[in-house]
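S.K.: First the structure, which I've put down as structure tokens, then a few questions once you've had a look.
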Amino acid sequence: MKYDDASWHHGGDFPAGQPPEHGGTHIALFLRWCFVKGWAGDFHAEEEPEAVALVISGELCATEFLFRYCDGKFTEEDLNDAGNEIAQQYYGSNGLYLQDYADHFANLMYVAPESAHDFEEFSAILDARVKSGVLIKAEA
Numbered sequence: 004m005k006y007d008d009a010s011w012h013h014g015g016d017f018p019a020g021q022p023p024e025h026g027g028t029h030i031a032l033f034l035r036w037c038f039v040k041g042w043a044g045d046f047h048a049e050e051e052p053e054a055v056a057l058v059i060s061g062e063l064c065a066t067e068f069l070f071r072y073c074d075g076k077f078t079e080e081d082l083n084d085a086g087n088e089i090a091q092q093y094y095g096s097n098g099l100y101l102q103d104y105a106d107h108f109a110n111l112m113y114v115a116p117e118s119a120h121d122f123e124e125f126s127a128i129l130d131a132r133v134k135s136g137v138l139i140k141a142e143a
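For the sequence shown, this note's numbering gives the first residue as 4, with consecutive numbering after it.
Shown next, in the form of structure tokens:
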């Protein structure tokens, strides 16, 4: 299952003059948060454990990881079962992740690199959302 793909974001209304990587920043931040939680998928944990550790520590930009090791795509293979349990709800089609990101980082969306985001603030927002148990949009 594919959760997201940076290529879906750097067309259409994507701001002119911005690098394609900015279309993957919101994906990369979520991926880093998952890695910090210990939710890296087996493939990444086995094939590039050093790179995962560098993403966790912030020494390797998660956006660079996303494009180098995941071809800009975020799929269920990137996470373990625990990570996918959260991602399927929170990042899924009815999930609130993109809304949370837009609510807190709209001024950075598609126009700023990962380094412009405060990862501690970002993590606190996601941690609070998961703690609340409300990961999907309420049905009308």
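Beta carbons are placed, not taken as given, at the ideal position from N, Cα and C, and that holds for glycine. Computed from a predicted model, the values in this text were never measured in an experiment.
1) Given V39, which residues of its chain have a CB within under 6 Å of its CB, disregarding the five upstream and five downstream residues?
2) For the alpha helix (DSSP H) that D84 lies in, which residues bound it at each end?
3) When you compare only the Cα positions, how much space is there between Q102 and W42?
4) Go ahead and label V55 buried or exposed: buried means 16 or more other beta carbons lie within 10 angstroms of its beta carbon, across all protein chains shown.
5) With C-beta atoms as the reference, is I99 less than 8 Å away from L138?
6) At what residue ranges does the stretch 57-129 contain a whole run of the alpha helix (DSSP H), taking only runs of 4 or more?
7) Would you mind giving the Cβ-Cβ distance between A31 and A85, rounded to the nearest angstrom? I have them listed as a contact below 8 Å.
8) Let's test the definition: count the other Cβ atoms within 10 Å of the Cβ of G26 and tell me whether it reaches 16, buried, or not, exposed.
9) If D8 sits next to G75, beta carbons under 8 Å apart, how far is it from one beta carbon to the other, in whole angstroms?
10) What is the DSSP secondary structure of K5, reduced to helix, strand or coil?
11) Counting C-beta neighbours from all protein chains within 10 Å, is the total for D81 16 or more, i.e. buried, or is it exposed?
M.R.: So, to answer that:
1) Locating residue 39 in the sequence shown gives position 36, counting from the first residue. I59, listed in sequence order.
2) Start at 1 with the first residue of the sequence shown, and residue 84 comes out as number 81. Where D84 is concerned, the enclosing alpha helix (DSSP H) stretches over 84-93.
3) As a first step, residue 102 must be located in the sequence shown, where it is residue number 99. As a first step, residue 42 must be located in the sequence shown, where it is residue number 39. Taking the straight line joining both Cα atoms gives about 22 Å.
4) One-based indexing of the sequence shown puts residue 55 at position 52. It is buried - the Cβ of V55 has at least 16 other Cβ atoms within 10 Å.
5) Taking the first residue of the sequence shown as 1, we reach residue 99 at position 96. Taking the first residue of the sequence shown as 1, we reach residue 138 at position 135. Reading off the sequence, residue 99 comes out as Leu, not Ile. Closer than 8 Å, so yes.
6) For the stretch 57-129, whole alpha helix (DSSP H) runs of length 4 or above, ordered along the chain, are 65-72, 84-93, 100-108.
7) Here the question's residue 31 lines up with position 28 in the sequence shown. Here the question's residue 85 lines up with position 82 in the sequence shown. Not really, about 20 Å apart at Cβ, beyond 8 Å.
8) What you label residue 26 is simply residue 23 of the sequence shown in a count that begins at 1. With 16 or more Cβ atoms within 10 Å of its Cβ, G26 is classed as buried.
9) By 1-based counting over the sequence shown, the position of residue 8 is 5. By 1-based counting over the sequence shown, the position of residue 75 is 72. Taking 8 Å as the upper bound for CB-CB distance, D8 and G75 are in contact here, some 6 Å apart.
10) The residue you call residue 5 lines up with position 2 of the sequence shown. The answer is strand: DSSP assigns K5 an E or B state.
11) Locating residue 81 in the sequence shown gives position 78, where the first residue counts as 1. With 16 or more Cβ atoms within 10 Å of its Cβ, D81 is classed as buried.
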